[in-house]
Amino acid sequence: MIALLHSGKFWLKLMVTGFIGLITLCLLGVVSLHYLFDTHKIYQNINAAMANTDYRLDFSNHISRSWFPRPTVTLHQVRMIHKQHQNTELTADDMKIGLSWQILLGRSIIEKWQCDGVNANIFRNTEGHWNSDNFWQSFQRQKDKWHINRLVLENATIRIRDEQKTYLLKHLNANINNLNGNNRKIQAEGLWQQSSHMPILWQLSAINHADNQWRQVQLNIQTNHVTLGTSSGQWNFDAYWLGDKQLLQTDDIKWRWQSQNHDIHANGTGKNWQLGWSTLTMPQLNALITASTPTNDRVNVSLNATDTHWRNHLWAIKQFQIDAGWRSPQYQSSLNIAGQLTWPDAKTWQIANLTLTSHQDGIDSRPNQRFIMDLSGDLTSTIGQNTDLKLQGQFDNQPLNIEMAYQHHPQQQPATLTGNIRLAQLNLRPYLQDTATYPIKSWLQTGYHWLQNHSLDWQVNIDRITAPSLQLNQLQTRLMANKDIITLSPIKVQMYDGVSNGLFRIMNNSTLSWQLQQRFQNIQIKPFLQDNFNFHNLAGQGDASIDLSGQAENSQRWLDTLNGEIDIQLQQGLLKGIDINNILKNKNANTTMTYNETSQTPFQLFKLHIPLQQGISQNSTLALRADNFDIKGQGKFNLVNQLIDYMILISTQHNNEQSLLPLKISGAIAHPNFNIDYQRLTAGLHTPEQKQESLRQTLKQQWSWLNQGASNEVNDWSVQP
1 MIALLHSGKF WLKLMVTGFI GLITLCLLGV VSLHYLFDTH KIYQNINAAM
51 ANTDYRLDFS NHISRSWFPR PTVTLHQVRM IHKQHQNTEL TADDMKIGLS
101 WQILLGRSII EKWQCDGVNA NIFRNTEGHW NSDNFWQSFQ RQKDKWHINR
151 LVLENATIRI RDEQKTYLLK HLNANINNLN GNNRKIQAEG LWQQSSHMPI
201 LWQLSAINHA DNQWRQVQLN IQTNHVTLGT SSGQWNFDAY WLGDKQLLQT
251 DDIKWRWQSQ NHDIHANGTG KNWQLGWSTL TMPQLNALIT ASTPTNDRVN
301 VSLNATDTHW RNHLWAIKQF QIDAGWRSPQ YQSSLNIAGQ LTWPDAKTWQ
351 IANLTLTSHQ DGIDSRPNQR FIMDLSGDLT STIGQNTDLK LQGQFDNQPL
401 NIEMAYQHHP QQQPATLTGN IRLAQLNLRP YLQDTATYPI KSWLQTGYHW
451 LQNHSLDWQV NIDRITAPSL QLNQLQTRLM ANKDIITLSP IKVQMYDGVS
501 NGLFRIMNNS TLSWQLQQRF QNIQIKPFLQ DNFNFHNLAG QGDASIDLSG
551 QAENSQRWLD TLNGEIDIQL QQGLLKGIDI NNILKNKNAN TTMTYNETSQ
601 TPFQLFKLHI PLQQGISQNS TLALRADNFD IKGQGKFNLV NQLIDYMILI
651 STQHNNEQSL LPLKISGAIA HPNFNIDYQR LTAGLHTPEQ KQESLRQTLK
701 QQWSWLNQGA SNEVNDWSVQ P
């Protein structure tokens, strides 16, 4: 035996015998593989399997076969063709059918059935039947003939057409274990896409039992929404398939949603939801939502909906209620919306019994209730055309009526929002606190961004507007706005015991600019000047006109860019803070007189013209006519720094003789100083005695003419220059 092992002839014979045996084994394998996967038998088996369907299967004559890791046949360029219409409704690059080794024992088991590069069209006809119904019914009848352990789809694309809508499943990968068994484990993922909607990445895992029960269903989705940013959602539930109704009915369901923008987090629960291809029924929906605003205010929302239905892309909710609350460092607010949503047809939906209530209050020691709203009405919308809203009720405890219409225009024209607002009274006091901190620039930028694709046209009627230092009555105006300009015209209002008519514009230039034109008739001028220019020294009734413009992004800087004209004409009135008659008779004749709240000068006619450039009037003119004298003046108003520098000339007339007294007004506009212009009065005189005598004679003559015949009192006209 040992000698045999050392024999070269023995090893040579053994190698030759082994090589011949290996070749024989391979030949037997190839022959048996071709016998097992004979092209003719494959066609026979496939045609027999699809005999009762509307389809036939076609594939390339080039067929790949292999023994390892299992007996596998690979069909190339597979096509499923409708027998009658000859339409190709499914294609696959490759279809691999791997049999279990138990096939050698006569058991029909497919270990792995893998389809690569599938491209399929699934659609539903007018009778509500899918083109694949016949195929799946035949598969259910024959599934016991072959046991399929795994069904795998790789990079499939499925187009689903339901009536007028088309959906696309791309990059679909699926793995179904134990396809014929009692506990099928399903894992799938892909990209869901619908025209005009953002694509959705989704993942699904579940266990499907033979009794149509679904357990441990978990659905995850992710999308990138235009407004919400990167968003994702998860649903977890058990369910049961209602075959007669073609619906999936859930047990308890839990879901959550999160979005990157505004830090939105939502979670909710439900039960007995029924989900079909084009139908969804939710007997109860509860949700809690948290979010943050761009200013980092926190928002909390609770949603409750009863008997929610979605059928054929139409929604209906028997009753819904949304309770929202948010909190900022200054305010806490609440908003409640409730109603009934119905969708009568494919183009029209409406919310009946719509109610809106809201409230806002200050957080710190300053209670500041505002935005108190209690409204009810209806909302009707025609998709792609018009939306109409009607509300009536109260705003800040005052009657309010709103009618609004939103109209969509084709061919990318801006949509229009028209409306009519009627409010009994608007109290602006709660809304004008801390106006310096209001983000006016941010508000306007947000508004103009929205107006890129919209335009406004509103009629506004408010019976009374109350502000901290102003009251307006019977305001009537038309608000028009687009991406370039916001206009209030005409502005008709009763104010300062008179009437006003004009317009106001805000232009969306590189720097926001504005224009105000207003004509006032028979108004009280004192409150008008106080409210608009902080000027307190003129009272009376008459007319005024303003034509002003400026460029400013906040209310504190609007005076810096103020340009235009102000004209005032009064028929009767008082010049506050100075008594001209008392100046003329003052025997001490002090050249400096302080502002006095109780002093006043009556007049019969007053005219004031103020041209403004950058908030400053360099050449303002004044004319005043009283019973005994006239006044003319010229000077400077600085509205930016609230300063006045004015020269006036008091003129008295007697027996064709005229006497003039120059007066200077300077200092703060609110409390100016009045000075006799001693230098102008004594111009040309040299000695103190001459100047003193000139001033004494002027005052004596002025007063004697003014007071002639009124008194026989002897006055001492000594002067202290």
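Residue 1 is where the sequence shown starts when you use my numbering, and the numbers rise one by one after that. Even for Gly, the Cβ is constructed at its ideal location relative to N, Cα and C. Predicted, not measured: the structure shown is a model, and the values here were computed from it.
- Secondary structure of Gln-260 (DSSP, three-state): coil.
- Taken in chain order, the complete beta strand (DSSP E) segments of 3 or more residues contained in the region 442-488 are 454-467, 470-481.
- Beta-bridge pairing by DSSP links Gly-540 to Gly-573.
- Taking every protein chain shown into account, the CB of Ala-481 has 16 or more other CB atoms within 10 angstroms, so this residue is buried.
- Taking the CA atoms as reference points, Gln-613 sits about 33 Å from Asp-457.
- Annotated as proximal: Leu-169 and Ile-160, with beta-carbon spacing under 8 Å.
- Straight-line spacing of the CA atoms in Gly-117 and Ile-289 works out to 41 Å.
- Taking a C-beta distance under 8 Å as the contact criterion, Lys-492 and Tyr-448 do not qualify as a contact pair.
- The Cβ neighbour count for Met-80, taken over all protein chains shown within 10 Å, is at least 16; the residue is labelled buried.
- Look at the beta carbons and you see the region 254-273 touching the region 220-233: at least three pairs across the two are nearer than 8 Å.
- Beta-carbon to beta-carbon, Leu-512 and Gln-551 are separated by about 7 Å, close enough to satisfy the 8 Å threshold.
- In the displayed model, Asn-131 falls within coil according to three-state DSSP, outside both helix and strand.
- Short of 7 Å from the beta carbon of Asn-134, and not among the five residues preceding or following it, lie these beta carbons of its own chain, in chain order: Thr-53, Asp-54.
- The beta carbon of Ile-421 sits closer than 6 Å to the beta carbons of Ile-402, Val-460 from its chain, once the five residues preceding and following it are set aside; these are given in chain order.
- The C-alpha of Ile-676 is placed about 18 Å away from the C-alpha of Ala-623.
- With respect to Ile-200, Trp-192 sits close: the two C-beta atoms are nearer than 8 Å.
- Contact check for Thr-74 against Asn-119 fails: the beta carbons are separated by 8 Å or more.
- Cα atoms of Asn-336 and Asn-183: separation of roughly 47 Å, rounded to the nearest angstrom.
- In terms of CA proximity to Asn-87, Asn-131 leads the group Ser-100, Asn-131, Ile-207.
- Going by C-alpha positions, Ile-506 is about 6 Å away from Ile-485.
- For Asp-238, the CB contacts under 6 Å within the same chain, skipping 5 residues up- and downstream, are Arg-215, Asp-251 in chain order.
- Secondary structure of Phe-59 (DSSP, three-state): coil.
- Secondary structure at Ile-383: coil, using DSSP grouped into helix, strand and coil.
- Within 10 angstroms of the beta-carbon of Met-50 lie 16 or more other beta-carbons, which makes it buried.
- Annotation for Thr-348: Thr-382 place their beta carbon closer than 6 Å to its own, counting only its chain and skipping 5 residues before and after.
- In the three-state reduction of the DSSP assignment, Phe-674 falls in the strand class.
- Check the Cα spacing between Ile-650 and each of Leu-639, Ser-666, Lys-632, Asn-638: the tightest is with Lys-632.
- In the DSSP assignment, the residues bridged to Ser-545 are Arg-519, Asp-567.
- Comparing C-alpha distances from Leu-219 to each of Ser-231, Ala-188, Lys-165 shows the shortest one belongs to Ala-188.
- Secondary structure at Ile-363: coil, using DSSP grouped into helix, strand and coil.
- Residue burial annotation: Asn-208 is buried, with at least 16 other C-beta atoms found within 10 angstroms of its C-beta.
- Cβ atoms of Ser-489 and Gln-518 stay farther apart than 8 Å, at about 11 Å.
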